[in-house]
Amino acid sequence: MIPTGRWSRPCARAAPQRSPLCLGDQGFVLRELALRPRELFTPGTERGTALTGVVGMIHELRSALDAVEARAVVALTDSLTLRKQAEANARVAQEAAEAPPMAALRREAAHEAAREVSMLVGRSPASAAHSLASQRRLVADMPEMLTALATAQVTSTAAHRTARSFAPLPPEHRSLADRLLGERLPDLEGAGSETWDAATAAAIAGADPHGQKRRHQRARQERHVTVRRAEHGMATVSARISALDGARIRKRLSLEAERLRAAGDRRGHQAIQADSFVDTLLGQEDGMVATTLDIGVMITERALIHPGGGDLARIEGYGTASAEVLREELRGPLGAALTADAEDAMGPDGPALHAVMRRLYTHPRTGELVAVESRARAFPAALARFIRWRDQTCRAPYCDASIRQIDHILAHAAGGATCLDNGQGLCAHCNGKEQQTRTVQRVVEPGTDGHVVEWISRAGTRRRTRPSSLTSPVRRSRRRPTSRPHSSRPAHPPPAPPPPAPETPA
Numbered sequence: 205m206i207p208t209g210r211w212s213r214p215c216a217r218a219a220p221q222r223s224p225l226c227l228g229d230q231g232f233v234l235r236e237l238a239l240r241p242r243e244l245f246t247p248g249t250e251r252g253t254a255l256t257g258v259v260g261m262i263h264e265l266r267s268a269l270d271a272v273e274a275r276a277v278v279a280l281t282d283s284l285t286l287r288k289q290a291e292a293n294a295r296v297a298q299e300a301a302e303a304p305p306m307a308a309l310r311r312e313a314a315h316e317a318a319r320e321v322s323m324l325v326g327r328s329p330a331s332a333a334h335s336l337a338s339q340r341r342l343v344a345d346m347p348e349m350l351t352a353l354a355t356a357q358v359t360s361t362a363a364h365r366t367a368r369s370f371a372p373l374p375p376e377h378r379s380l381a382d383r384l385l386g387e388r389l390p391d392l393e394g395a396g397s398e399t400w401d402a403a404t405a406a407a408i409a410g411a412d413p414h415g416q417k418r419r420h421q422r423a424r425q426e427r428h429v430t431v432r433r434a435e436h437g438m439a440t441v442s443a444r445i446s447a448l449d450g451a452r453i454r455k456r457l458s459l460e461a462e463r464l465r466a467a468g469d470r471r472g473h474q475a476i477q478a479d480s481f482v483d484t485l486l487g488q489e490d491g492m493v494a495t496t497l498d499i500g501v502m503i504t505e506r507a508l509i510h511p512g513g514g515d516l517a518r519i520e521g522y523g524t525a526s527a528e529v530l531r532e533e534l535r536g537p538l539g540a541a542l543t544a545d546a547e548d549a550m551g552p553d554g555p556a557l558h559a560v561m562r563r564l565y566t567h568p569r570t571g572e573l574v575a576v577e578s579r580a581r582a583f584p585a586a587l588a589r590f591i592r593w594r595d596q597t598c599r600a601p602y603c604d605a606s607i608r609q610i611d612h613i614l615a616h617a618a619g620g621a622t623c624l625d626n627g628q629g630l631c632a633h634c635n636g637k638e639q640q641t642r643t644v645q646r647v648v649e650p651g652t653d654g655h656v657v658e659w660i661s662r663a664g665t666r667r668r669t670r671p672s673s674l675t676s677p678v679r680r681s682r683r684r685p686t687s688r689p690h691s692s693r694p695a696h697p698p699p700a701p702p703p704p705a706p707e708t709p710a
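Residue 588 in our numbering sits at position 384 of the sequence shown; the count goes up by one each step and never skips.
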């Protein structure tokens, strides 16, 4: 049994400064239940009802915590805004007209709060920023959904999805839509995501029936295509397009799959759709204009010759992939085009393919790439591309976005050099690190190998990042205590010196 009532009342009456301690006590109890449950979760024929109650209570606790988190994050942002406003007023003294506009202060506070939450809970800055926006809508304009979340009537996913759907509405229409959707909650018990989305759309239309065209035009401006990595060397391609175009594409692919299946094709229906999508988009069959792409692939000589060693390959703009994926490509049309004439391999209209081999050297212990420096202020193209190869994705804590800019860790204006050690790849959002954090600095200390960067938030939260190793790093054995009076084990011999840096063809 989880005594939530006796927990929550003291916390509700506690002063704001004691709230973290009170919540920490509750977190300690939950950790003890998870790590040392004793007989609480032992299976038994008579325990089904009790365990059902535990699972249900956990769901209620999770929903309540999500609602509390929404209020806490919004309060954090408002507190940062008040602090920034006080600092701005102190700078301008009696000249209040020169104070920065409130919108700018709110924007800076939101960025700082998103960075703080990102580093505290281990989420990407973009995800933390999106959550902050939906949490503010829930707290400010959606009391029905916030109450439903706190009382476990809806899940956090549904509440945040609804808040994002309400984003184009002005505050007064958002409150009306929230009330309309709240009135339908008894009818939506057990509803799936499609039913819930339909009810959300109906509430939006009921609150602002004349704004449908405006919302559609705004949504059309946000159309985009996204390519994300998937498991085992695959990728997921998604596109945000109009509903009509999406229906047309879906039907066209379905008809093509049915036609090929009727003609004797033994591939699955979904597999035919995926292959037809790729062939049509890349112009393999329908005469699209051929395009030559420059793709960097890093693979060790061990993986290239013997993939059973466990090394992974890295594809520029994608990340790690199984070495066998590249080996299969080299045995297919790509390999034929590289070893023979491109026209013979892929036809007269096929793209000309050229393979350029480079030898890259890795650090003997960390497996990171190493290279040379430059004195230019802007990173030269070759050095910038090398940093992209080394970092692969944004180097900010918990951010896996694509690299958009090559950043000086120590700003060039502060004397930072344009070199590999002082460079890191960041996304556009994280490149504003000077305004979002207290400091970002390169870590150079005994016992720390490789390119380690430490991020310190405004509140003092510290996180360190380093690039992924291209090869398997050498694991150091844990150092034993200097004094072990009761140990009879012989001392280990000193470790052998690290092997020389391997040559890595890319």
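Don't be surprised by glycine CBs; every beta carbon is placed ideally from N, CA and C. Note that the coordinates shown come from a computational prediction; the quantities given were computed from them, not determined experimentally.
Asked	Found
Does the separation of the CB atoms of V321 and L384 fall below 9 Å?	no
Give me the residue from W593, K455, F590 and I613 with the minimum Cα distance to A600.	I613
Check D611 in the structure and name its three-state DSSP category.	strand
Mind checking V358: buried by the 16 CB within 10 Å criterion, or exposed?	buried
Sort S458, H436 and R424 by Cα distance to A443 and report the nearest one.	R424
Pull up the CB-CB distance for T366 and T404, whole angstroms please, since I reckon it's below 8 Å.	5 Å
Count the other CB atoms within 10 Å of the CB of Q639; is the residue buried (16 or more) or exposed (fewer)?	exposed
Alpha carbon to alpha carbon, how far is P329 from L309?	19 Å
When you compare the region 663 to 674 with the region 587 to 604, are there three or more beta-carbon pairs, one atom per stretch, that lie closer than 8 Å?	yes
Looking at the structure shown, is H263 part of a helix, part of a strand, or coil, going by DSSP?	helix
Quick check: the Cα distance between P224 and A276, rounded to an integer number of angstroms?	11 Å
Do V272 and A344 have their CB atoms nearer than 9 Å?	no
With the cut-off set at 9 Å, would you say D607 and L630 are in Cβ contact?	According to the sequence provided, residue 607 is Ile. The question's Asp does not apply to it. Yes, these two residues count as a Cβ contact at 9 Å.
Rounded to whole angstroms, how far is the Cβ of P413 from the Cβ of D382, which I believe are closer than 8 Å?	16 Å between Cβ atoms; not a contact.
By DSSP, does E435 sit in helix, in strand, or in coil?	coil
Would you call the CB atoms of S331 and A371 closer than 9 Å?	no
Check whether the Cβ atoms of V429 and T440 lie closer than 9 Å to each other.	no
Span of the beta strand (DSSP E) holding Q357?	Note, Q357: premise wrong, no beta strand (DSSP E); not H, not E.
So the candidates are Q416, R662, M349 and A238; which of them puts its Cα closest to the Cα of I262?	A238
Thinking S360 and L350 are a contact (beta carbons under 8 Å), I'd like their distance in whole angstroms, please.	No, S360 and L350 are not in contact; Cβ-Cβ is about 11 Å, not under 8 Å.
Answer with buried or exposed for H364, where buried requires no fewer than 16 other C-beta atoms within 10 angstroms of its C-beta.	buried
Just how far apart, CA to CA, sit D270 and L389?	19 Å
Short of 7 Å in beta carbon distance, which residues of its chain neighbour Q416, apart from the five on each side in sequence? Order them along the chain.	A409
Can you say whether E250 is buried or exposed, counting buried as having 16 or more other CB atoms within 10 angstroms of its CB?	exposed
Taking just the CA atoms, how far does M306 sit from A313?	10 Å
Measure the C-alpha to C-alpha separation of A475 and V501 and round it to an integer number of angstroms.	26 Å
Let's test the definition: count the other Cβ atoms within 10 Å of the Cβ of D229 and tell me whether it reaches 16, buried, or not, exposed.	exposed
By Cβ distance, which residues of its chain are closer than 7 Å to F481, with the 5 residues on each side in sequence left out?	L457
Since I660 and R642 should fall inside the 8 Å C-beta cutoff, what is the C-beta to C-beta distance between them, to a whole number of angstroms?	5 Å
Which of helix, strand or coil does DSSP assign to H154?	For residue 154 there is no data in the structure shown, the boundaries of the chain being 205 and 710.
Are there 16 or more other CB atoms within 10 angstroms of the CB of P552, so buried, or fewer, so exposed?	Residue confidence is low: P552 scores 49 on pLDDT, short of 50, so the model does not pin down where it sits. Its coordinate-derived value is still stated next. Answer is exposed; the Cβ neighbour count stays below 16.
Among R433, D449 and D282, which residue has its Cα nearest to the Cα of R518?	R433
Within the same chain, show all residues whose beta-carbon is closer than 6 Å to that of Q289, passing over the 5 residues directly before and after it, in chain order.	L309
Is it the case that the Cβ atoms of H436 and A411 are separated by a distance below 9 Å?	no
Have a look at S397, F590, A406 and R319 and flag the residue whose alpha-carbon is nearest the alpha-carbon of E387.	A406
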